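Note sheet for the following structure.
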Amino acid sequence: MSTILVIEDEQPIRENIVEFLNLEGYEVLEADDGLAGIEMVRQHQPDLVICDIAMPHLSGYDVLLKIREDSTVATTPFIFLTARADRTFMRHGMELGADDYLTKPFTEAELLAATRAQLKKHMLLQDADANELKRARRSLIRLITHELRTPLASLITTQDLITRQIGQLSAQELGEMLGALRSNSQRLRHVTEQIVFSTQLESGELNWQRINETGFRVQLWEIMTVAINLARSFAYRNRDGQIELHERDRVATIVCQMDALKHALAELITNALNYSPEDRSITISQWQADGRVWVTITDQGLGIPADQIARAMGDFQQINRESQEQQGLGLGLPLARRIIELHQGTMQLDSVIGKGTQITISLPMV
16 MSTILVIEDE QPIRENIVEF LNLEGYEVLE ADDGLAGIEM VRQHQPDLVI
66 CDIAMPHLSG YDVLLKIRED STVATTPFIF LTARADRTFM RHGMELGADD
116 YLTKPFTEAE LLAATRAQLK KHMLLQDADA NELKRARRSL IRLITHELRT
166 PLASLITTQD LITRQIGQLS AQELGEMLGA LRSNSQRLRH VTEQIVFSTQ
216 LESGELNWQR INETGFRVQL WEIMTVAINL ARSFAYRNRD GQIELHERDR
266 VATIVCQMDA LKHALAELIT NALNYSPEDR SITISQWQAD GRVWVTITDQ
316 GLGIPADQIA RAMGDFQQIN RESQEQQGLG LGLPLARRII ELHQGTMQLD
366 SVIGKGTQIT ISLPMV
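Residue numbers (the numbering used here): 16 to 381.
Here you go:
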């Protein structure tokens with residue numbers, strides 16, 4: 016049974032809509048203003064929202080913006096109710112992401128047709144997303160199997176060698192073997208953290224409402240310094256690469272889930288280390304403007320082809336995996352993007368072949 020939320024401040028209209036949709040077999044929730052409506056959307060995650068435009072406290076436009084900004088409910092179909100047939104208002108709503116309009120007074124047949132159309136479209140999109148998710152999961156499982164098996168096999172082999180030959184190994188040989196143990200342990204840690212955060216994002220366990228209510232107020236630069244050390248442990252090459260720091264404001268404070276955001280920043284720095292020549296530095300800059308804190312991470316590596324930038328930011332993959340021969344699941348950039356966007360942030364990737372890549376992120380300050 017589909018769940019529909021009706022947000023309407025005029026009680027007679029709201030009650031008529033709720034009663035009619037109930038009779039049509041839908042589970043219907045109701046809210047008498049925009050603020051209550053947003054909370055119900057986040058709490059119940061309905062299959063469709065029907066919302067008036069002109070309401071006290073928060074207009075229908077504002078309700079739609081809040082919903083589209085929340086990744087957990089951003090794709091919820093949205094129908095506006097309006098007493099105005101003016102095309103300007105309709106166009107504005109569509110530009111904000113509304114799916115349909117009903118102009119008051121409307122008939123029961125018009126309401127039912129609009130409702131069925133949006134629910135059908137939503138179901139088709141969900142089916143397509145589910146198929147894509149299944150495909151992605153199969154690919155991810157294959158990659159995970161390889162990425163876990165390889166370092167585990169190396170760990171076991173190295174430990175066996177040390178155990179059998181402990182009395183015959185020179186200090187240099189023992190040091191090299193212990194270094195291999197450490198490297199493979201760090202690789203396992205990296206893959207494990209990627210899997211954990213990906214699972215938390217997919218399940219909805221990691222969401223903005225929870226972060227906003229229980230997250231920590233912290234200076235971003237404090238997280239950045241920890242993320243740099245974490246990135247050096249994650250990197251497959253150039254771990255000791257030079258990183259230049261240019262901070263104009265160390266006191267910019269944000270609200271965040273610290274482990275998740277630290278991991279996101281570490282992924283971005285790791286990517287810069289992995290793909291940068293050892294003789295070229297990476298630059299990290301931080302400043303604040305317009306109520307947000309901005310960070311750029313710039314490397315002088317090979318760069319990413321323009322036609323592969325969208326792929327790099329989207330699903331898990333590596334750029335030019337065949338030629339780069341890099342380890343890893345290819346989850347780094349898309350995972351970092353999802354975590355940053357979950358914190359109401361933005362992330363942009365710019366790259367020039369032969370010159371390098373710059374990633375720019377922004378987060379709201381408190």
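Heads up, the beta-carbon is just placed ideally off N, CA and C, and yes, glycines get one too. It should be emphasised that the depicted structure is a prediction, and the values quoted were computed from it without experimental measurement.
Could you please give the first and the last residue of the uninterrupted beta strand (DSSP E) stretch that includes F93?
Looking at the DSSP string, the run of the beta strand (DSSP E) that includes F93 is F93 to T97.
Hey, out of W302, E262 and G256, whose CA is closest to E293's CA?
Checked all of W302, E262 and G256; the closest Cα to E293 is G256.
Within the segment 210 to 280, ranges of the beta strand (DSSP E) (whole runs, at least 3 residues)
The segment 210 to 280 contains, as complete beta strand (DSSP E) runs of 3+ residues, the segments 231 to 234, 258 to 262 and 268 to 271 (chain order).
Give the straight-line distance between the Cα atoms of L79 and A113, rounded to the nearest whole angstrom.
Between L79 and A113, the C-alpha separation is close to 7 Å.
Are the segment 228 to 248 and the segment 315 to 324 touching, with three or more C-beta to C-beta distances below 8 Å?
Taking 8 Å as the limit for Cβ pairs, the verdict is that the segment 315 to 324 does not touch the segment 228 to 248.
Ignore the nearest five residues each way along the sequence and tell me which others in L50's own chain have a CB closer than 7 Å to its CB.
Correct list, in chain order: H72 and L73.
Suppose only complete runs of 3+ residues qualify. What are the beta strand (DSSP E) ranges in the segment 282 to 323, listed by chain order?
If only uninterrupted beta strand (DSSP E) runs of at least 3 residues are considered, those enclosed by the segment 282 to 323 are 297 to 304 and 307 to 313.
Please go through the same chain and pick out, in chain order, the residues whose beta-carbon is closer than 7 Å to the beta-carbon of N199, but skip the five residues on each side of it.
Within the same chain, and ignoring the five residues on either side of N199 in sequence, the residues whose Cβ sits closer than 7 Å to its Cβ are P166, S169 and L170.
May I have the straight-line CA-CA distance separating T90 from I68, to the nearest angstrom?
If you take the alpha carbons of T90 and I68, they lie about 19 Å apart.
Alpha carbon to alpha carbon, how far is Q201 from L348? Give it in angstroms, no decimals.
Those two C-alpha atoms are separated by around 19 Å.
Helix, strand or coil at L63 according to DSSP, with G and I counted as helix:
If DSSP states are grouped into helix, strand and coil, L63 belongs with the strands.
Which residues share a DSSP beta bridge with I376?
Its beta-bridge partners are V310 and M362.
Q342 in three-state terms, based on DSSP
Its pLDDT being 45, under 50, Q342 is placed unreliably by the model, and nothing is read from it.
Between Q272 and L127, what straight-line distance do the alpha-carbon atoms span, to the nearest angstrom?
Approximately 42 Å, taken between the alpha carbons.
Below 8 Å on the Cβ atoms is my guess for V211 versus T268; work out the distance and round it to an integer in Å.
Actually they are not in contact, since the Cβ atoms of V211 and T268 sit about 26 Å apart, beyond 8 Å.
Would a C-beta distance cut-off of 7 Å place Y116 and F95 closer than the cut-off?
Less than 7 Å separates the beta-carbon of Y116 from that of F95.
Where do the ends of the beta strand (DSSP E) carrying E45 lie?
Run containing E45: E42 to A46, per the beta strand (DSSP E) assignment.
Taking 7 Å as the threshold (C-beta atoms), are M55 and L20 in contact?
In contact: L20 and M55 (Cβ atoms closer than 7 Å).
Considering only residues of the same chain and omitting the five flanking positions on each side of N335, which have a CB-CB separation below 6 Å?
For N335, the predicted model reports a pLDDT of 43, less than 50, meaning its position is unreliable; a value from the coordinates is still stated below. Closer than 6 Å at Cβ, skipping near neighbours: no residue.
What do you reckon, are the CB atoms on A46 and I22 nearer than 7 Å?
Taking the C-beta atoms as reference points, I22 is found nearer than 7 Å to A46.
Nonlocal neighbours in the same chain, by C-beta distance under 6 Å from T361, ignoring five residues either side:
Result list for T361: S377, in chain order.
Between I374 and A275, how many whole angstroms is the CB-CB distance? I'm expecting something under 8 Å.
Not quite, the Cβ-Cβ distance comes to about 17 Å (not below 8 Å), so this is no contact.
What does the alpha-carbon distance come out to for the pair L193 and A143?
Annotation: L193 to A143 spans about 48 Å, alpha carbon to alpha carbon.
According to the neighbour-count rule (16 or more other Cβ atoms, all chains shown, within 10 Å of its Cβ), is Q180 buried or exposed?
Under this definition Q180 is an exposed residue.
According to DSSP, residues forming a beta bridge with G190:
Per DSSP, G190 has no beta-bridge partner at all.
What's the C-alpha gap between N286 and S300?
About 16 Å.
Taking the alpha carbon of R352 as the point to measure from, which residue in Y76, M328, E228 and E84 has its own alpha carbon closest?
It is M328 whose Cα lies nearest to the Cα of R352.
Quick check on DSSP: helix, strand or coil for D142?
Reduced to three states, the DSSP call for D142 is helix.
Distance, E25 Cα to V64 Cα:
Near 16 Å, if we compare the C-alpha coordinates of E25 and V64.
What are the start and end residues of the alpha helix (DSSP H) that includes D77?
Boundaries of the alpha helix (DSSP H) around D77: G75 to E84.
Cut-off 7 Å between Cβ atoms - residues of its own chain near Y290, not counting five sequence neighbours on either side:
Short of 7 Å from the beta carbon of Y290, and not among the five residues preceding or following it, lie these beta carbons of its own chain, in chain order: D314, G316 and L317.
Enumerate in chain order the residues of its own chain whose CB-to-CB distance from H261 is below 8 Å, with the five nearest sequence positions on each side excluded.
The answer, listed in chain order, is T298, I299, S300 and Q301.
Just reading off the alpha helix (DSSP H) that L348 is part of, what are its end residues?
Under the DSSP assignment, L348 falls in the alpha helix (DSSP H) whose first and last residues are G347 to L357.
Per DSSP, G371 is paired with what?
DSSP, once it has assigned bridges, lists V367 as partnering G371.
So V33 is in the alpha helix (DSSP H); what residue range does that whole segment cover?
Taken as a continuous stretch (DSSP letters only), the alpha helix (DSSP H) holding V33 covers Q26 to L38.
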